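For the sequence shown, the numbering used here begins at 3 and goes up steadily by one.
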Amino acid sequence: MKAIRVHRPGGPEVLELEDLPVPGPRAGWVRIRVRAFGLNRSELYTRQGHSPSVQFPRVLGIECVGIVDDAGGTDLTVGQTVAALMGEMGRAYDGGYAEYTLVPRERVLPVQTTLSWDVLAAIPETFLTAWGSLVEAMDVQAGQTLLIRGGTSSVGMAAASLAKRLGLRVIATTRDASKADALRQNGADDVILETGHLADEVARVAPEGVDQLLELVGPVTLLDSLRCVRQRGLVCHTGLLGNVWAMERFEPLVDIPSTVRLTTYHSASTSAARSTAALQEIMDGVDSGRYSANLARRFRFHEIVAAHRFMETNRASGKLVVVVDD
Numbered sequence: 003m004k005a006i007r008v009h010r011p012g013g014p015e016v017l018e019l020e021d022l023p024v025p026g027p028r029a030g031w032v033r034i035r036v037r038a039f040g041l042n043r044s045e046l047y048t049r050q051g052h053s054p055s056v057q058f059p060r061v062l063g064i065e066c067v068g069i070v071d072d073a074g075g076t077d078l079t080v081g082q083t084v085a086a087l088m089g090e091m092g093r094a095y096d097g098g099y100a101e102y103t104l105v106p107r108e109r110v111l112p113v114q115t116t117l118s119w120d121v122l123a124a125i126p127e128t129f130l131t132a133w134g135s136l137v138e139a140m141d142v143q144a145g146q147t148l149l150i151r152g153g154t155s156s157v158g159m160a161a162a163s164l165a166k167r168l169g170l171r172v173i174a175t176t177r178d179a180s181k182a183d184a185l186r187q188n189g190a191d192d193v194i195l196e197t198g199h200l201a202d203e204v205a206r207v208a209p210e211g212v213d214q215l216l217e218l219v220g221p222v223t224l225l226d227s228l229r230c231v232r233q234r235g236l237v238c239h240t241g242l243l244g245n246v247w248a249m250e251r252f253e254p255l256v257d258i259p260s261t262v263r264l265t266t267y268h269s270a271s272t273s274a275a276r277s278t279a280a281l282q283e284i285m286d287g288v289d290s291g292r293y294s295a296n297l298a299r300r301f302r303f304h305e306i307v308a309a310h311r312f313m314e315t316n317r318a319s320g321k322l323v324v325v326v327d328d
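Dropping the structure here:
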């Protein structure tokens with residue numbers, strides 16, 4: 003089979019297209035014939051060497067969509083359409099950047115859909131991360147005001163779509179004024195141009211602060227984000243768009259405003275059953291037009307280096323997808 007493997011950390015050029023054996027059957031693991039996969043910034047960080055636990059060589063890819071090729075004695079059936087995502091996929095074991103991948107059953111979500119492979123691939127990790135943040139971690143409620151910091155990211159776009167369906171007022175940020183219209187078309191009620199001092203800008207549209215804030219940029223903006231929410235408001239740290247993993251000299255008693263709450267969302271905290279049900283509802287919503295998959299650009303399998311280079315530019319408004327050639 004063809005696979006894209008990384009032998010050492012580095013730039014996009016370390017992504018090498020190779021011939022590898024098709025992974026053999028394994029009890030409790032599902033072999034998937036990969037048809038497409040979404041690109042994620044965590045894969046960029048792993049490729050750059052920022053995932054200390056990853057041992058190279060490694061086939062990257064924390065998600066994929068495709069067809070069950072071997073069910074590994076599980077309840078799934080050969081030929082079934084599935085999505086596989088996260089749970090150390092592409093880190094502890096080889097991931098979705100391949101024609102075939104072998105994944106533990108608990109990371110495989112069966113779906114029923116007529117969506118094309120490229121549209122389907124734009125949905126799983128992005129929308130489930132957004133859904134988990136809003137529903138599982140933040141427990142958002144209709145009528146609340148939600149600020150999405152990192153609004154033009156794929157997760158940010160998905161979160162805005164979901165939040166509007168849930169009845170929230172949505173404020174989204176961007177560093178690029180030319181992307182403001184795309185954010186509004188995606189459901190944002192207000193758009194704020196990101197300057198690094200968001201709290202001052204938020205005060206103009208929400209004088210008492212917003213009810214909830216989805217932090218997708220990460221530690222580089224987290225302290226400022228904590229100043230954007232009202233008393234007893236909530237900040238959920240989900241993303242790392244700023245490419246910084248940790249905060250230096252973080253003092254919770256000093257840095258977290260009194261009564262403001264801070265939480266995080268990790269995909270592994272949501273059960274497979276809840277994830278499967280949520281993913282099916284979201285895919286049905288995309289199929290019916292309630293949601294947009296926010297597919298920004300489609301690449302072929304052999305264009306993986308160009309795809310990673312484009313991802314590094316931060317020019318996309320939405321999801322980048324790679325389609326595996328037949």
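Yeah, the Cβ is synthetic: ideal placement off N, Cα and C, and Gly gets one too. Please read these numbers as outputs of a predicted model, since none were measured by experiment.
When rounded, the separation of the alpha-carbon atoms in residue 114 and residue 141 is 27 Å. With contacts defined as CB atoms closer than 8 Å, residue 265 and residue 238 qualify as a contacting pair. Residue 316 counts as exposed, since fewer than 16 other C-beta atoms from the protein chains shown sit within 10 angstroms of its C-beta. If the five residues before and after residue 248 are omitted, its C-beta is found closer than 7 Å to the C-beta atoms of 221, all from its own chain and listed in chain order. For residue 48, the uninterrupted alpha helix (DSSP H) segment begins and ends at 43-50.
Taking a cut-off of 8 Å for Cβ pairs, the stretch 111-125 and the stretch 240-260 do not touch, as fewer than three such pairs fall below it. Ranked by how close their Cα comes to the Cα of residue 204, the residues 90, 43, 181, 174 have 174 in first place. The alpha-carbon of residue 312 is positioned some 19 Å away from that of residue 184. Residue range 274-290 is occupied by the alpha helix (DSSP H) that includes residue 283. The Cβ neighbour count for residue 234, taken over all protein chains shown within 10 Å, is under 16; the residue is labelled exposed.
Three or more beta-carbon pairs separated by less than 8 Å link the stretch 128-141 to the stretch 268-277, which places the two stretches in contact. When the five nearest sequence neighbours on each side are left out, the beta carbons in the same chain lying within less than 6 Å of the beta carbon of residue 306 are those of 6, 17, in order along the chain. For residue 310, the enclosing alpha helix (DSSP H) stretches over residues 306-315.
If you look at residue 131, you'll find it in the alpha helix (DSSP H) that goes 126-133.
About 6 Å separates the beta carbon of residue 36 from that of residue 98, a gap short enough to meet the 8 Å contact definition. The alpha-carbon separation between residue 172 and residue 154 amounts to approximately 13 Å. Taking residue 160 as the centre and dropping the five residues before and after it, the same chain places the C-beta of 128, 129, 132, 296 closer than 7 Å to its C-beta, in chain order.
When DSSP assignments are scanned along the stretch 22-95, the uninterrupted stretches of alpha helix (DSSP H) that are 4 or more residues long and fall wholly within it turn out to be 43-50.
Straight across, the Cα-Cα distance linking residue 324 with residue 210 is about 43 Å.
Around the beta carbon of residue 303, a 10 Å sphere encloses 16 or more other beta carbons of the protein chains shown; the residue is thus reported as buried. Across the set 87, 250, 286, the C-alpha of 87 shows the shortest separation from the C-alpha of residue 108.
With respect to the 8 Å criterion, residue 40 and residue 322 are classified as neighbours on the basis of their beta carbons. Restricted to the stretch 193-264, the beta strand (DSSP E) segments that are unbroken, complete and at least 3 residues in length are 212-217, 231-239, listed in chain order. Contact check for residue 67 and residue 94: beta-carbon distance about 21 Å, past the 8 Å limit, so the pair fails to qualify.
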